[in-house]
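**Student:** Numbering (mature numbering (1 follows the signal peptide of the UniProt record, and there is no 0)), first residue to last: -19 to -1, 1 to 271.
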């Protein structure tokens, strides 16, 4: 009897186990981590570089009144002097001792006299140059002249000295030089004389390519199935937005959307993680490095 009862119990347990349906496993959607940036509305510009040279803004020779012998030399090449400073004392057998003075404020660029030696009054004994301010000189073709005007300010850099600044245009040539280009000169303030005359400078020119246009980081722009798109962030999802490229540079790209108001200034767009996204995919915005 007991054996029959155990057989019935085992059969009932087996039947219940067979009738139980397996629980469905819940799958959790994992949001893709991305980094974002804002869409900007601005003028899209291109920076060009012209090569120029820093020149003295003025120069003047120091010429002795009489020939003679340099009895005492007070300066050396590279010294900074002021107008009236005595550069040397010169002795003439007929006129006695005379002083050679600096004709202007500046720096001694050339020194053509040696203490104890004879000197003539027919050639400069020294050349004084003014390097504060300096003169920035560069040339442009005729089709570029319209982009410049007197008193306009220009940005420049002197890469070899790690210096940069602003120059004001003081002169624009009316006629072309031997190379067919037109000379332009600009004044550069040089306090402390950190920039030397004769060094090469890079003149930076900004040209507006597109006015009042939407711009985005270039890395946000991707190609999908023959279409140029980017992904806008909406409700923690990536929304695919078709675009047209107006102009592209290494860091920024000017765009227009193919749909009205599909993208506006201030919208967040994906700039990291966008290469694997699809339209409507859930995303999670993270900071750089997370």
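We put the CB at the ideal spot given by N, CA and C, even for glycine.
Could you tell me the alpha carbon to alpha carbon distance between residue 223 and residue 12, rounded to whole angstroms?
**Tutor:** The straight-line gap from Cα to Cα measures roughly 23 Å.
**Student:** From residue 70 to residue 54, what does the alpha carbon distance come to, in whole angstroms?
**Tutor:** Answer to the nearest angstrom: the Cα atoms are 7 Å apart.
**Student:** Hey, out of 205, 10, 14 and 45, whose CA is closest to residue 103's CA?
**Tutor:** Looking at the Cα atoms, 45 is the closest of the given residues.
**Student:** What residue range does the beta strand (DSSP E) around residue 242 cover?
**Tutor:** Where residue 242 is concerned, there is no enclosing beta strand (DSSP E), given that its DSSP letter is neither H nor E.
**Student:** Under three-state DSSP, which class holds residue 158?
**Tutor:** Three-state result, residue 158: coil.
**Student:** Report yes if the C-beta distance between residue 231 and residue 199 is below 8 Å; otherwise report no.
**Tutor:** Their beta carbons are under 8 Å apart, which means residue 231 touches residue 199 by this criterion.
**Student:** Can you give me the start and stop residues for the beta strand (DSSP E) that residue 78 sits inside?
**Tutor:** Here the beta strand (DSSP E) through residue 78 covers 77 to 82.
**Student:** Output needed for residue 50: all residues of its chain with C-beta closer than 6 Å, excluding positions within five of it in sequence on either side, in chain order.
**Tutor:** Only 72 and 99 meet the Cβ criterion.
**Student:** Tell me which residues share the same chain as residue 62 and place their Cβ nearer than 8 Å to its Cβ, disregarding the 5 neighbours each side in the sequence.
**Tutor:** Cβ within range, chain order: 56, 68, 83, 86, 87, 88, 89 and 109.
**Student:** Are the C-beta of residue 125 and some C-beta of chain B separated by less than 8 Å?
**Tutor:** Although the question refers to chain B, the structure presented lacks it and comprises just one protein chain.
**Student:** Quick check on DSSP: helix, strand or coil for residue 38?
**Tutor:** DSSP places residue 38 in strand when its eight states are reduced to three.
**Student:** Nearest-angstrom Cα distance between residue 245 and residue 23?
**Tutor:** Rounded to whole angstroms, residue 245 to residue 23 spans 12 Å at the Cα level.
**Student:** Extract the residue ranges of the beta strand (DSSP E) inside the region 209 to 241, only unbroken runs of 3 or more that lie entirely within it.
**Tutor:** Those beta strand (DSSP E) runs which fall completely within the region 209 to 241 and span 3+ residues are 218 to 229 and 233 to 238.
**Student:** To the nearest angstrom, report how far apart residue 32 and residue 138 are at their CA atoms.
**Tutor:** Rounded to whole angstroms, residue 32 to residue 138 spans 10 Å at the Cα level.
**Student:** Evaluate the contact criterion for the region 250 to 259 versus the region 197 to 216: three or more CB pairs, one atom per stretch, below 8 Å.
**Tutor:** They touch, by the three-pair rule.
**Student:** Output the distance between the C-alpha atoms of residue 264 and residue 234, rounded to the nearest integer angstrom.
**Tutor:** Approximately 24 Å, taken between the alpha carbons.
**Student:** Curious, which full-length beta strand (DSSP E) runs of at least 3 residues does the region 110 to 141 contain?
**Tutor:** Taking only runs of at least 3 residues, the beta strand (DSSP E) segments lying wholly in the region 110 to 141 are 134 to 139.
**Student:** Return the first residue and the last residue of the beta strand (DSSP E) that residue 259 is part of.
**Tutor:** From DSSP, residue 259 is part of no beta strand (DSSP E); its letter is neither H nor E.
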